[in-house]
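Student: Numbering (our numbering), first residue to last: 66 to 472. The structure follows.
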């Protein structure tokens, strides 16, 4: 008989069993669409209207996102510790409040410094509420069974730009850019925060465990796991830096291959569906294999897609589809591979540590991409990105024997 049964006559309730998985996945998935759309994807639509209305420099209006990403990376390790101890429900709910406050700051900003300061607040919200914290919350809740729910959440997230870019454009056209920010702030408070609070179960606090002699504290890898952790961190950092450069400068890179602007835009729209398609394939065929194989597939698809774009520009559509599938699968591997390699204990803390270099690279990537374009031109930049993708494959392959020997 368990302690809970002896003391009160009933067994303790497993938080993971207190809510249907469909409810948890749907709530987090919808919240992720709105969170990504009101933060990371916001400048793509609103930068032009902001500059036209205020006269602020475009570089600073767009660069404010990098400031937010920098902040999100810096706070990620601390967010991981909080989720590990208290669970994901309070952290994700707080992220909605932070995003709402930041968006309100954008809407009311009378000058550029306060506009950038609002992005600092949004950065705290992104660090507490985008993929890494959501994956950490699911890992703490479901443990080694979190892989399918992480995959399902990324299926929702794949539609963030598809849903929110048209919505943002509609709001900006009818309410102005400030009205669009106010609307998203209201959605954070009225929709996203209640979704987290109602759908996610409360979890018992886990007090810090005393360190055992010869064993690392939760969130710190054992000496025999350090090589795997460093390879994973380096691979994620390089991959997300590369993908951010492509995301920011894709149209220019495609036009350098002889495509007209309209054709480049049309090809760019293939990335979103390709990402979702890759995630559906991973969900269908990857569930019986170790997650490290999804990471390998992601790296190879990105490298092949970029290689074809450099070497065979005549099949740019196929190149973009392969690249999009690889980047979509990468989002799943970002959450599932660390869980499989290092286990449930301390998973949220490890995710926070892995997020730090990844988000810093994401923040720096637009500037690095601009420097590459200025110094090497579009063709040289594509060649460098292809080389980076090949290096990433080389970083991932040694993880395969490390992962499989622990099965």
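Here a beta-carbon is modelled for each residue, glycine too, at the ideal position from N, C-alpha and C.
Can residue 374 and residue 382 be called in contact, C-beta distance under 8 Å?
Tutor: Their beta carbons are not under 8 Å apart, which means residue 374 does not touch residue 382 by this criterion.
Student: With distances taken from CA atoms, which of 458, 340, 441 and 188 is nearest residue 219?
Tutor: It is 340 whose Cα lies nearest to the Cα of residue 219.
Student: For residue 208 versus residue 416, is the C-beta spacing smaller than 8 Å?
Tutor: No.
Student: When you compare only the Cα positions, how much space is there between residue 312 and residue 177?
Tutor: Each residue's alpha carbon lies about 25 Å from the other.
Student: For residue 86, which residues in the same chain have their Cβ closer than 7 Å to its Cβ, ignoring the five residues on either side in sequence?
Tutor: Excluding residues within five positions, the ones whose Cβ falls inside 7 Å are 214.
Student: Between the Cα of residue 398 and those of 217, 147 and 130, spot the shortest distance and give me the residue it belongs to.
Tutor: The candidate whose alpha carbon is nearest that of residue 398 is 217.
Student: Suppose only complete runs of 4+ residues qualify. What are the alpha helix (DSSP H) ranges in the segment 206 to 278, listed by chain order?
Tutor: Taking only runs of at least 4 residues, the alpha helix (DSSP H) segments lying wholly in the segment 206 to 278 are 212 to 222, 225 to 252 and 258 to 264.
Student: Quick check: residue 246 and residue 102, are their CB atoms within less than 8 Å of each other?
Tutor: Against a cut-off of 8 Å, the Cβ pair of residue 102 and residue 246 comes out as no contact.
Student: Report the start-end ranges of each alpha helix (DSSP H) in the segment 359 to 437 that is 4 residues or longer and not cut off at the edges.
Tutor: You should have 381 to 407.
Student: Give me, in chain order, the residues of the same chain whose beta-carbon lies closer than 8 Å to that of residue 88; leave out the 5 immediate sequence neighbours on both sides.
Tutor: Correct list, in chain order: 264.
Student: Out of 259, 221, 168 and 255, which one is the CA nearest neighbour of residue 242?
Tutor: Looking at the Cα atoms, 168 is the closest of the given residues.
Student: If you drop the 5 nearest sequence neighbours on each side, which residues of the same chain put their C-beta closer than 6 Å to that of residue 93?
Tutor: If we look at residue 93 and ignore the five residues flanking it on each side, its Cβ neighbours are 199 and 218.
Student: Out of 161, 204, 227 and 355, which one is the CA nearest neighbour of residue 259?
Tutor: With distances taken between Cα atoms, residue 259 lies closest to 161.
Student: Express the C-alpha separation of residue 360 and residue 211 in angstroms, rounding to a whole number.
Tutor: Each residue's alpha carbon lies about 16 Å from the other.
Student: What are the boundary residues of the alpha helix (DSSP H) that residue 290 is part of?
Tutor: Careful: residue 290 lies outside any alpha helix (DSSP H) and carries neither H nor E.
Student: Is the Cβ-Cβ distance between residue 261 and residue 96 less than 8 Å?
Tutor: Result yes, Cβ atoms of residue 261 and residue 96 sit closer than 8 Å.
Student: Measure from the alpha carbon of residue 138 to the alpha carbon of each residue in 466, 434 and 190, then state which is nearest.
Tutor: Closest option to residue 138, Cα to Cα, is 190.
Student: On the criterion of 16 or more Cβ atoms from any shown chain inside 10 Å, does residue 47 qualify as buried, or is it exposed?
Tutor: Outside the displayed range of the chain (66 to 472) lies residue 47, so it cannot be described from this structure.
Student: Contact between the segment 334 to 348 and the segment 437 to 455: three or more CB pairs below 8 Å?
Tutor: No: fewer than three Cβ pairs fall under 8 Å.
Student: Residue 109: which of 128, 409 and 293 sits nearest, CA to CA?
Tutor: Here the closest residue by C-alpha is 128.
Student: Do residue 186 and residue 156 count as a contact pair if the criterion is CB distance below 8 Å?
Tutor: No, they are not a contact pair.
Student: Residue 406 to residue 468, Cα distance in whole Å?
Tutor: Using only the alpha carbons, I get a separation of about 6 Å.
Student: Here's the rule I'm using: 16 or more other beta-carbon atoms within 10 Å means buried, otherwise exposed. How should residue 390 be labelled?
Tutor: The residue in question, residue 390, is buried, as its Cβ has 16 or more Cβ neighbours within 10 Å.
Student: Taking the continuous alpha helix (DSSP H) assigned at residue 91, which residues delimit it?
Tutor: It spans 86 to 102 - the alpha helix (DSSP H) in which residue 91 sits, taken as one unbroken run.
Student: Do residue 319 and residue 134 have their beta-carbon atoms positioned less than 8 Å apart in this structure?
Tutor: Cβ distance not < 8 Å, so residue 134 and residue 319 don't count as in contact.
Student: Please confirm whether residue 325 and residue 454 have their CB atoms less than 8 Å apart.
Tutor: Their beta carbons are not under 8 Å apart, which means residue 325 does not touch residue 454 by this criterion.
Student: Just curious, the alpha helix (DSSP H) that residue 322 is in, first and last residue?
Tutor: Segment: none, residue 322 is in no alpha helix (DSSP H) and carries neither H nor E.
Student: Where do the N-terminal and C-terminal ends of the alpha helix (DSSP H) with residue 184 fall, by residue?
Tutor: Unbroken alpha helix (DSSP H) run through residue 184: 177 to 194.
Student: Since residue 225 contacts residue 106 with CB under 8 Å, what's their CB separation in whole angstroms?
Tutor: That pair is a contact at about 6 Å.
Student: By alpha-carbon positions, which one of 439, 239, 394 and 141 ends up nearest to residue 349?
Tutor: Here the closest residue by C-alpha is 394.
Student: State the start and end residues of the unbroken alpha helix (DSSP H) segment that holds residue 83.
Tutor: Element bounds for residue 83: n/a, residue is neither H nor E.
Student: Report yes if the C-beta distance between residue 404 and residue 296 is below 8 Å; otherwise report no.
Tutor: The answer is no: Cβ separation not under 8 Å.
Student: According to DSSP, simplified to helix, strand and coil, what is residue 305?
Tutor: In this structure, residue 305 counts as helix in the three-state DSSP scheme.
Student: Would you report the Cα separation of residue 364 and residue 439, rounded to the nearest angstrom?
Tutor: Straight-line Cα distance between these residues: approximately 27 Å.
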